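Per the numbering used here, the very first residue in the sequence shown carries number 348; after that it's consecutive.
For glycine and all other residues, C-beta sits at the position ideal for the given N, C-alpha and C.
Just so it is clear, the structure is predicted and the values come from calculations on it, not from any experiment.
The block underneath contains the structure these notes are about, expressed in structure tokens.
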Amino acid sequence: MGIGDPIRPEARRLPNRGRRVKQCFSLAGWDAKRAEWLRSRGLSRAPERVVMVSGSQPEPCPGDAGDHLLLRFLKNKLDYCRLHGIELLYNRDVLQPAMTGYWAKIPIVRAAMLAHPEAEWVWWVDSDAVFTDMDFSLPLAARYGGHNFVAYGWPDKIARRSWLGINAGVFLIRNCQWSLDFMDEWARMGPAYPEHARWGEVVRGALSDKGDDAWCDDQSALVYLLLLSNWERLGNKAYIETEYFFQGYWVDVLDRLDGVAARYEAVERRAPPGLRRRHAEREHLRYAAARNAAVRGAVPGPAGGGEEGWRRPLITHFVGCQPCSGGRNPMYSRESCDDGMRRALGFADDQVLRAYGFRHAAPLNDTVRPLLFDYPAAPARND
Numbered sequence: 348m349g350i351g352d353p354i355r356p357e358a359r360r361l362p363n364r365g366r367r368v369k370q371c372f373s374l375a376g377w378d379a380k381r382a383e384w385l386r387s388r389g390l391s392r393a394p395e396r397v398v399m400v401s402g403s404q405p406e407p408c409p410g411d412a413g414d415h416l417l418l419r420f421l422k423n424k425l426d427y428c429r430l431h432g433i434e435l436l437y438n439r440d441v442l443q444p445a446m447t448g449y450w451a452k453i454p455i456v457r458a459a460m461l462a463h464p465e466a467e468w469v470w471w472v473d474s475d476a477v478f479t480d481m482d483f484s485l486p487l488a489a490r491y492g493g494h495n496f497v498a499y500g501w502p503d504k505i506a507r508r509s510w511l512g513i514n515a516g517v518f519l520i521r522n523c524q525w526s527l528d529f530m531d532e533w534a535r536m537g538p539a540y541p542e543h544a545r546w547g548e549v550v551r552g553a554l555s556d557k558g559d560d561a562w563c564d565d566q567s568a569l570v571y572l573l574l575l576s577n578w579e580r581l582g583n584k585a586y587i588e589t590e591y592f593f594q595g596y597w598v599d600v601l602d603r604l605d606g607v608a609a610r611y612e613a614v615e616r617r618a619p620p621g622l623r624r625r626h627a628e629r630e631h632l633r634y635a636a637a638r639n640a641a642v643r644g645a646v647p648g649p650a651g652g653g654e655e656g657w658r659r660p661l662i663t664h665f666v667g668c669q670p671c672s673g674g675r676n677p678m679y680s681r682e683s684c685d686d687g688m689r690r691a692l693g694f695a696d697d698q699v700l701r702a703y704g705f706r707h708a709a710p711l712n713d714t715v716r717p718l719l720f721d722y723p724a725a726p727a728r729n730d
């Protein structure tokens, strides 16, 4: 598999599925129904709309400052959506009780498709993911026009058939019949179905690094479905993004944020004054395009960030930090997670505050300072 290739699944015969549960919400003919709905409302030729979906548990967070952190993560998503004309649906309800844990996102994503036929795409973003490039817009038509599902992956891990090869915490899915069928196929591997335990054994045997873990989690199921199943409708409709940080692993990102900020400021300092002009927030996308044009060629790396270079990462994902529960992976220290989340959120906030004439005094400082009108050619004020 090459970098950025659409998925081409291996020819692998699935085990006998046995009895399937017939879910009452199965739906056929969605493409025709949705097309008629769009025609009846004069939306057939409207630009592609995106609905972002995220969420958290219904109960208060048990972790220290968990609710405060989730509020900051939510604000970050609201900021990005406001700047890009995206509608945000934030859910805190368990729509299907048997779909526990990370599996809970599948029912809400599916419900969002049906509740928002005007949306061409539904974009799931985990609650612990931070938008760290407020200028980047998804290349929907240019890059994903022929595909229905987009997720981020690592080619080396995919080649090893690792359950960590594709991340299920951020994905983009087209609002169409193919996607509904795909979500149903994915859900059938989950805890709401009697085949769940058997799927755990199948996935453990098929993926290289599951060890003795026979639990079929949502990400392992997704990796299996995309890479090893013979689902007849998969075709080339799934795309694994590897060129930019559709979701970047926070450990790979954080140490570079100061260098990223310094390089962007250096470009703006040398740019014509028009790029630094204080502008209305609703003009954000126009100025973002001009800023990206100035940065392109001057700052190495792909737009949206990547393994190499110094461009802003689109998303920094704090996998393993568990800000709500506080039950972080023991391989990460509490300080690294807490400071990392604050650092990434502040980095994103500074991009938003710019239009209001402010920025934070320092990366881990919640105090803000006013900016002079020609910033960064003129320094921030200390008063």
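Notebook entry, point to check: Are Ser-401 and Leu-417 closer than 7 Å when you measure CB to CB?
Noted result: Not in contact: Ser-401 and Leu-417 (Cβ atoms no closer than 7 Å).
Check: Candidates Glu-434, Thr-479 and Glu-630: which alpha carbon is nearest Ala-462's?
Finding: Looking at the Cα atoms, Glu-434 is the closest of the given residues.
Next item on the list: Classify Leu-436 as helix, strand or coil using the three-state DSSP reduction.
Entry: Annotated three-state conformation of Leu-436 is strand, per DSSP.
Checklist line | Assigned secondary structure, Tyr-499 (DSSP; H/G/I helix, E/B strand, else coil) | finding: strand
Notebook entry, point to check: Nearest chain D C-beta to Pro-619 closer than 7 Å, yes or no?
Noted result: Within the model displayed, chain D is absent; a lone protein chain is all it includes.
Check: Do three or more CB pairs link the segment 644-659 to the segment 576-595 at distances below 8 Å?
Finding: yes
Next item on the list: Output the distance between the C-alpha atoms of Asp-721 and Phe-705, rounded to the nearest integer angstrom.
Entry: Between Asp-721 and Phe-705, the C-alpha separation is close to 12 Å.
Margin query: In the DSSP output, what is Ile-520 paired with across the bridge?
Written below: Val-469 and Phe-496
Notebook entry, point to check: If you draw a straight line from the C-alpha of Val-715 to the C-alpha of Leu-700, how long is it?
Noted result: Those two C-alpha atoms are separated by around 9 Å.
Margin query: Just to confirm before moving on: does the CB-CB distance between Met-530 and Arg-616 stay below 7 Å?
Written below: no
Notebook entry, point to check: Rounded C-beta distance between Gly-693 and Pro-677? I'm assuming under 8 Å.
Noted result: Contact flag wrong, Cβ pair sits at about 26 Å.
Item checked: Continuous alpha helix (DSSP H) stretch holding Ala-544: start and end -> 543-553
Next item on the list: Determine the direct distance from the alpha carbon of Ala-489 to that of Glu-357, and round the result to whole angstroms.
Entry: With a pLDDT of 40 at Glu-357, under the threshold of 50, the modelled position of this residue cannot be trusted; read the value that follows with caution. Cα to Cα, Glu-357 sits roughly 27 Å from Ala-489.
Next item on the list: Check whether the Cβ atoms of Pro-660 and Thr-479 sit closer than 7 Å, and answer yes or no.
Entry: yes
Check: Going by other Cβ atoms of all chains shown within 10 Å of its Cβ, with 16 needed for buried, is Pro-723 buried or exposed?
Finding: Around the beta carbon of Pro-723, a 10 Å sphere encloses 16 or more other beta carbons of the protein chains shown; the residue is thus reported as buried.
Check: Out of curiosity, what's the CA-to-CA distance linking Arg-359 and Ser-576?
Finding: Residue placement at Arg-359 is poorly supported in this model, since its pLDDT is 37, which falls under 50; the coordinates still yield a value, given next. Distance between the alpha carbons of Arg-359 and Ser-576 is about 6 Å.
Checklist line | Tyr-449 to Tyr-679 span [Cα, whole Å] | finding: 20 Å
Next item on the list: State the DSSP-derived secondary structure class of Glu-628, mapped to helix, strand or coil.
Entry: Three-state result, Glu-628: helix.
Next item on the list: Would you list the residues sitting across from Tyr-596 in a DSSP beta bridge?
Entry: His-664
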